[in-house]
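Scroll down for the structure; my scribbles are underneath it.
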């Protein structure tokens, strides 16, 4: 496959849904721009099994490496162990795969959470584009970590400095110490996260999977201080689906159930693709929803049977759904979310207010942006602490307030949500900054392929 004119690119995502989706989105966009670019997309065998080979462009080719990391099915029970396995065990099979390819790639696009990718590319003298799968805010916080140390805000001790304001990171609106990425609360985890940044900065290009208009200040400030050019290439495929309001090809039962609900009356609940919540907290959420008496659609992986029993009157519990189709449905009036970066971007594009329930990683600063910077949601917990449980009565009152469309605070949320949606429209419209970024990145790839 591929002629003399073909420009070969190898894409290596981190093996998790929150990483594969933005990488796939990026590859679809690039391959849609130029038929001369052929992309070899590397997955573990397990992930190819999950995704299947359909639903992709003709010039994207899936290849696999063996399952050298723990199964996705047990990832939630030991997220740290999973990350360490990715960092220790994936490099060698990727090297072997590159050795076997019939061509030398013009460019490697790798997730920034694969720190060894920069070394692999350098050894082979292949240019690297590093895809940052989180917000630009998180990148900037890690990049300026020395400032946080200088100001005495690390180590983090919530009772002592949790409420202190970090107002000295260039381009960032002030953020409380308690709202920094969760890993920063564990001093032993910080070096591996800082290494992600130093390795990403060795790349020839940095791609932010953000929405430029939502993080303009941060991105512009980073552009001025780091050497690789930054392209902001957010969830355009999702954006265009929202605009077409394309319903899933399959007419799933849950979409038919939503068709029968009143407009804006249903709370959509999704708390992450692999992270688990303590079983006692789960019981409180279930009882709180029941007490709140609101309609809801809950995606509860592995918890389906447990949640199903009590929910029959008010809600529907499903093990999986096509999230974008759900968020775009006129019956949805809110989203109780763990605040994973991809979920937030989809909620923003769909115009749905968010109740934030962060669990780990970058989700706490994401929740801060939703509530404080964009003002399109509320916090379930005021300060995030793992052991700080929220009880059923608080949940019941909160969801009732959140879903009451008649109050002034709710109308204010909806106004903000619409404003942010319109801001995104200008980004993805013809002549918007997104097209400029995509054209710029595609040209950068093609320049490596001039004979």
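In the numbering used here, the protein residues as written are 922 to 1372.
Ideal Cβ positions, reconstructed from N, Cα and C, are used throughout, including at glycine.
Given the structure is predicted, the values throughout are model-derived calculations rather than measurements.
Bridge partners - residue i, DSSP secondary structure assignment
i, result
"residue 1216", "1187"
"residue 932", "962 and 1030"
"residue 1053", "1129"
"residue 1258", "1191 and 1277"
"residue 1236", "1217"
"residue 985", "964"
"residue 1086", "1097"
Rounded C-alpha distance that separates residue i from residue j
i, j, result
"residue 1335", "residue 1297", "7 Å"
"residue 1159", "residue 1267", "7 Å"
"residue 1081", "residue 1315", "26 Å"
"residue 1235", "residue 991", "37 Å"
"residue 1193", "residue 1112", "25 Å"
"residue 1250", "residue 1173", "13 Å"
"residue 923", "residue 962", "Because the pLDDT at residue 923 is just 48, under 50, the model does not fix this residue reliably, and the value given afterwards should be weighed accordingly. So the alpha carbons of these two residues sit roughly 15 Å apart."
"residue 1107", "residue 1342", "36 Å"
"residue 1204", "residue 1213", "14 Å"
"residue 939", "residue 1370", "31 Å"
"residue 994", "residue 971", "11 Å"
"residue 956", "residue 933", "20 Å"
"residue 1095", "residue 1302", "19 Å"
"residue 1360", "residue 1366", "10 Å"
"residue 1339", "residue 1154", "22 Å"
"residue 1124", "residue 1018", "20 Å"
"residue 1162", "residue 1181", "23 Å"
"residue 1147", "residue 1122", "8 Å"
"residue 1071", "residue 1259", "31 Å"
"residue 937", "residue 1120", "20 Å"
"residue 1241", "residue 1263", "16 Å"
"residue 1243", "residue 1045", "39 Å"
"residue 952", "residue 1353", "20 Å"
"residue 1215", "residue 1283", "29 Å"
"residue 1011", "residue 1281", "24 Å"
Rounded distance between the beta-carbons of residue j and residue i, thought under 8 Å
i, j, result
"residue 1324", "residue 1188", "6 Å"
"residue 1295", "residue 1086", "With a Cβ gap of about 19 Å, residue 1295 and residue 1086 do not count as contacting."
"residue 1132", "residue 1152", "So it is not a contact: roughly 13 Å between Cβ atoms."
"residue 1237", "residue 1175", "6 Å"
"residue 1035", "residue 1007", "7 Å"
"residue 958", "residue 984", "Contact doesn't hold; Cβ gap of about 16 Å is too wide."
"residue 1201", "residue 1310", "7 Å"
"residue 1362", "residue 1126", "7 Å"
"residue 986", "residue 1015", "6 Å"
"residue 1221", "residue 1313", "Not quite, the Cβ-Cβ distance comes to about 17 Å (not below 8 Å), so this is no contact."
"residue 942", "residue 960", "Incorrect: roughly 15 Å between the Cβ atoms, too far for contact."
"residue 1345", "residue 1248", "At roughly 14 Å, the Cβ-Cβ gap does not stay under 8 Å, so residue 1345 and residue 1248 are not in contact."
Three-state class that DSSP yields for residue i in the structure shown
i, result
"residue 1142", "helix"
"residue 922", "Note that residue 922 scores 47 on pLDDT, short of 50, meaning its location in the model is unreliable; the coordinates nonetheless yield the value given after this. Looking at residue 922 - three-state DSSP - the assignment turns out to be coil, as it is neither helix nor strand."
"residue 1302", "coil"
"residue 1024", "coil"
"residue 1152", "strand"
"residue 1253", "strand"
"residue 948", "helix"
"residue 1372", "Any reading at residue 1372 needs caution, since the residue's pLDDT is 44, under 50, leaving its predicted position unreliable; the model's value is listed next. Note: residue 1372 maps to coil in three-state DSSP."
"residue 1123", "coil"
"residue 906", "Because the chain here runs from 922 to 1372, residue 906 falls outside it and cannot be looked at."
"residue 939", "helix"
"residue 979", "coil"
"residue 1008", "helix"
"residue 1286", "helix"
"residue 1357", "helix"
"residue 1075", "coil"
"residue 1346", "helix"
"residue 1047", "coil"
"residue 1067", "helix"
"residue 1351", "coil"
"residue 1110", "coil"
"residue 1326", "coil"
"residue 990", "coil"
"residue 1115", "helix"
"residue 973", "coil"
"residue 1102", "coil"
The stretch 1272 to 1289 / the stretch 1313 to 1329 touching (three or more Cβ pairs under 8 Å): With a cut-off of 8 Å, the stretch 1313 to 1329 and the stretch 1272 to 1289 count as touching, because enough Cβ pairs lie within range.
The stretch 1126 to 1140 touching the stretch 1047 to 1061, judged by at least three CB pairs closer than 8 Å: Taking one beta carbon from each stretch, the stretch 1126 to 1140 and the stretch 1047 to 1061 have 3 or more pairs nearer than 8 Å; the two touch.
Contact the stretch 1235 to 1255 vs the stretch 1088 to 1103: 3+ CB pairs below 8 Å: Because the criterion of three Cβ pairs below 8 Å is not met, the stretch 1235 to 1255 and the stretch 1088 to 1103 do not touch.
Validate contact between the stretch 1016 to 1034 and the stretch 936 to 956 using beta carbons, cut 8 Å, 3 pairs: Segments in contact, yes.
The stretch 1109 to 1122 / the stretch 1081 to 1093 touching (three or more Cβ pairs under 8 Å): In short, these stretches do not touch, since the Cβ pair count stays below three.
Contact the stretch 1035 to 1052 vs the stretch 1063 to 1073: 3+ CB pairs below 8 Å: The count of Cβ pairs closer than 8 Å, one atom from the stretch 1035 to 1052 and one from the stretch 1063 to 1073, stays below three, leaving the stretches out of contact.
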